[in-house]
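K.L.:
Sharing a structure, written as structure tokens. Questions coming.
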Amino acid sequence: AQTVTQSQPEMSVQEAETVTLSCTYDTSESNYYLFWYKQPPSRQMILVIRQEAYKQQNATENRFSVNFQKAAKSFSLKISDSQLGDTAMYFCAFMKPLSGQGGKLIFGQGTELSVKP
Amino acid sequence: KAGVTQTPRYLIKTRGQQVTLSCSPISGHRSVSWYQQTPGQGLQFLFEYFSETQRNKGNFPGRFSGRQFSNSRSEMNVSTLELGDSALYLCASSTQGGTPSTDTQYFGPGTRLTVL
Numbered sequence: 013a014q015t016v017t018q019s020q021p022e023m024s025v026q027e028a029e030t031v032t033l034s035c036t037y038d039t040s041e042s043n044y045y046l047f048w049y050k051q052p053p054s055r056q057m058i059l060v061i062r063q064e065a066y067k068q069q070n071a072t073e074n075r076f077s078v079n080f081q082k083a084a085k086s087f088s089l090k091i092s093d094s095q096l097g098d099t100a101m102y103f104c105a106f107m108k109p110l111s112g113q114g115g116k117l118i119f120g121q122g123t124e125l126s127v128k129p
Numbered sequence: 057k058a059g060v061t062q063t064p065r066y067l068i069k070t071r072g073q074q075v076t077l078s079c080s081p082i083s084g085h086r087s088v089s090w091y092q093q094t095p096g097q098g099l100q101f102l103f104e105y106f107s108e109t110q111r112n113k114g115n116f117p118g119r120f121s122g123r124q125f126s127n128s129r130s131e132m133n134v135s136t137l138e139l140g141d142s143a144l145y146l147c148a149s150s151t152q153g154g155t156p157s158t159d160t161q162y163f164g165p166g167t168r169l170t171v172l
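Okay, here's the thing in structure tokens:
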């Protein structure tokens, strides 16, 4: 069974600085997808970034980027130029898609990020 | 495009009652997944529906059930409510499995269920 571990329950960062959130996962699969979602106080789960395991290039979305280390089974999220609106719970998630059979997300326990002015 | 919508947003029930939650996916999305979020257990997968059929199921008791309609809207039902069923229930939709873009799940705002 796949598992996802986020070892940092809480983190804080000053506005405009850079912060990195850690995520490790365990799987014997070679093809899978990884995601970072953020959940602000409104509780709306918002997709931040996704990574396909077969791609070596790290995904980037504006101020958000990942460091994907497949051999180490590590998938960290870097937030550059942190903004107050980045304050949220961040979840790392794993999905092993089953062709024609969908796939379920397996989530880590989350990291609560506070951006301080 | 409108996002995933869930109704109601808040519910208060008492033990032993049953409850039905509704989810309308993004237009064109045929897969609907349900997740339960609690402080103790985190986010856990309940089940997924695709083309009116349950395609995947998590490890929840039979009191938790669902269905999907021909327009892809989905409902989730919990019977004989227990205190431990108090949670945020999240619904997510995607087009269908196979590629990253279609596997990406987009979430609704959730239904907060409180069982007294």
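Chains A and B are the protein sequences, given in the same order.
For what it's worth, my numbering labels the leading residue of the first sequence as 13, then goes sequentially.
For what it's worth, my numbering labels the leading residue of the second sequence as 57, then goes sequentially.
Here a beta-carbon is modelled for each residue, glycine too, at the ideal position from N, C-alpha and C.
1. Using the beta-carbon count (16 or more within 10 Å), is Phe80(A) buried or exposed?
2. Find out if the Cβ-Cβ distance for the pair Ser80(B), Ser150(B) is shorter than 8 Å.
3. Can you pull out the residues from the region 71-96 of chain B whose beta carbon lies closer than 7 Å to at least one beta carbon of chain A?
4. Could you check if Gln97(B) is buried or exposed, using at least 16 other CB atoms within 10 Å of its CB as the buried criterion?
5. Per DSSP, which residues does Asn79(A) bridge with? Please list them.
6. Buried or exposed: which applies to Asp38(A), given that a residue is buried once 16 or more other Cβ atoms fall within 10 Å of its Cβ?
7. If you follow the beta strand (DSSP E) that Phe103(A) is part of, which residue opens it and which one closes it?
8. Should Gly122(B) be labelled buried (16 or more other beta-carbon atoms within 10 Å of its own) or exposed?
9. Grab the span of the beta strand (DSSP E) containing Lys116(A) for me, first residue to last.
10. Using 8 Å as the cut-off, can you tell me whether the region 160-171 of chain B makes contact with the region 44-61 of chain A, which would need three or more C-beta pairs spanning the two stretches below that distance?
11. Helix, strand or coil: how does DSSP classify Gly118(B) here?
12. In this structure, how does DSSP classify Leu96(A) when only helix, strand and coil are distinguished?
13. Going along chain B, which residues have a C-beta under 7 Å from Gln26(A)?
P.N.:
So, to answer that:
1. buried
2. The answer is no: Cβ separation not under 8 Å.
3. For chain A, the residues of the region 71-96 of chain B that bring a beta carbon within less than 7 Å of one of its beta carbons are Ser87 and Ser89, in chain order.
4. exposed
5. Ser88(A)
6. By the Cβ-count criterion, Asp38(A) is exposed, with fewer than 16 other Cβ atoms from all chains shown falling within 10 Å of its own Cβ.
7. Ala100 to Met107
8. buried
9. Premise fails: Lys116(A) is in no beta strand (DSSP E) and is neither H nor E.
10. Judged by pairs of C-beta atoms under 8 Å, the region 160-171 of chain B touches the region 44-61 of chain A, as three or more such pairs exist.
11. coil
12. Here Leu96(A) sits in helix by DSSP.
13. Under the 7 Å cutoff, chain B gives no residues; its nearest Cβ is about 28 Å from Gln26(A).
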